[in-house]
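*Asks:* Take the sequence shown: its letters are residues 149 to 420, numbered as in the numbering used here.
Positions of the beta carbon are idealized from the N, C-alpha and C atoms, including for glycine.
First the structure, which I've put down as structure tokens, then a few questions once you've had a look.
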Amino acid sequence: MKLTQICAGLAVLAVVAACGGNEEKRAVDSAKSGKLTIGIKFDQPGLGLRNPDGTYSGFDVEVARYVANKLGVAPQGITFREAPSPQRETLIENGEVDYIVATYSITDAREAKVDFAGPYFVAGQSLLVRSDNTDITGPDSLHGGKKLCSVTGSTPAQRVKEKFAADVQLQEFDTYSACVEALRNGAIDAVTTDDIILAGYAAQFPGQLKVVGAPFTTERYGIGLAKGDKASRERINAALESMIQDGSWQKAFQSTVGASGYPMPAPPQVEK
Ligand code: GLU
């Protein structure tokens, strides 16, 4: 084999090594360099939103910033990256983000691929309909082939497939804002996801949309990070505890989700 061929082969190997997986990546190490890439939602008002002027706002954004600060990273050192529901595990596994704060429920299936700090919030699945709708009042009224929208790779979509598959026509989109658009233009009958997310959309379109029924699942929001990154997980848990203890959690909630009228619950117990 010619030297050039050997080098070409080695180059391929080097690229594969650099791109394949990133098990060494730890959030605390990135933080030492003063920089963090954090996954959030870009289209969920009150939680994770990219504003038209390029700034970011929402409860998840505040949690992300508070934790970053405790890891020694100033707001200017943060790069926010969109983390849509179906891409979250992959973004973490590929080392494209240091951690994710994006209405991300802690589940056994996800814990096979990533680790979670938290929980920092507990929500529950609910339904969003047009304000003039009177026949959908909760999950039991979905019978009769109602058109329901949720997001691919989310726990609410999974739940609908498991529990309500016989009753509804599920449409899965990539984002909840796309579902809300379809609801507003009449293409679907209801959107399902966590009540706190739906409250944000209802507040965005006052008089047009409403949340109905009592929450029918428990969604414990965690901060997703690389599997096995125990050092970062412990530091993030400590940061969440202090956010709750020093009143920043409550302040952040009021100034973000609070505007939607969603009542502030007691903060959850962060796991050790
Ligand atoms: N908390 C649920 C989940 O993690 C729904 C919200 C979302 O998709 O971000 O799947």
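Need the endpoints of the alpha helix (DSSP H) that Phe101 sits in, please.
*Replies:* Outside the modelled stretch of the chain, which goes from 149 to 420, sits residue 101, for which no answer is possible.
*Asks:* Taking 8 Å as the limit between beta carbons, can you name the residues of its chain near Val299, skipping five residues before and five after?
*Replies:* Within the same chain, Val299 has close Cβ partners Pro232, Ser233, Pro234, Ala305, Glu320, Phe321, Asp322, Thr323, Tyr324, Cys327 and Thr341.
*Asks:* Please state whether the Cβ-Cβ distance between Gly372 and Ile240 is less than 8 Å.
*Replies:* yes
*Asks:* According to the Cβ coordinates, are Val245 and Gly187 closer than 8 Å?
*Replies:* yes
*Asks:* Which same chain residues end up closer than 6 Å to Pro193 when comparing Cβ atoms and leaving out the 5 residues on each side of it in sequence?
*Replies:* Gly348 and Gln352
*Asks:* Is Tyr369 near Ala260, with beta carbons less than 8 Å apart?
*Replies:* no
*Asks:* Using a Cβ-Cβ cutoff of less than 6 Å, which residues in the same chain neighbour Arg220 once the five nearest sequence positions on both sides are dropped?
*Replies:* The sequence shown places Gly at residue 220, not Arg. Result list for Gly220: Ala179, in chain order.
*Asks:* If you follow the alpha helix (DSSP H) that Glu241 is part of, which residue opens it and which one closes it?
*Replies:* Arg236 to Glu241
*Asks:* Measure from the alpha carbon of Leu296 to the alpha carbon of each residue in Val308, Lys189, Ser205 and Ile344, then state which is nearest.
*Replies:* Val308
*Asks:* For my contact list, Val359 and Ser274 are in at a C-beta cut-off of 8 Å; report their separation, rounded to the angstrom.
*Replies:* The pair is a contact, with the Cβ atoms about 6 Å apart (cut-off 8 Å).
*Asks:* Which residues does DSSP pair with Phe364 in a beta bridge?
*Replies:* None; Phe364 has no bridge partner.
*Asks:* Excluding the five sequence neighbours on either side, which residues of its own chain have a C-beta within less than 6 Å of the C-beta of Gly206, listed in chain order?
*Replies:* Gly194, Leu195, Gly196, Leu197 and Thr404
*Asks:* For Thr185, which residues from the same chain have a beta carbon less than 6 Å from its beta carbon, with the 5 sequence-adjacent residues on both sides left out?
*Replies:* Thr227, Arg229, Val245 and Asp246
*Asks:* Pick from Ala265, Gly406, Glu389 and His291: whose alpha carbon is nearest that of Ala350?
*Replies:* Gly406
*Asks:* Quick check on DSSP: helix, strand or coil for Ile336?
*Replies:* coil
*Asks:* Beta strand (DSSP E) containing Gly266: first to last residue?
*Replies:* Val262 to Ala271
*Asks:* Leaving out five residues on either side along the sequence, give the residues of the same chain with a beta carbon under 7 Å from the beta carbon of Phe264.
*Replies:* Ile254, Gly370, Ile371 and Gly372
*Asks:* So for Tyr324, helix, strand or coil by DSSP?
*Replies:* helix
*Asks:* Should Tyr252 be listed as close to the ligand GLU, given that the test is whether its C-beta is under 7 Å from any heavy atom?
*Replies:* yes
*Asks:* Provide the residue(s) that pair with Phe228 in DSSP beta bridges, ordered along the chain.
*Replies:* Ile186
*Asks:* Taking the beta carbon of Ala222 as the centre, do at least 16 other beta carbons fall within 10 Å, making it buried, or is it exposed?
*Replies:* With fewer than 16 Cβ atoms within 10 Å of its Cβ, Ala222 is classed as exposed.
*Asks:* Is any heavy atom in the ligand GLU found nearer than 7 Å to the beta carbon of Asp322?
*Replies:* no
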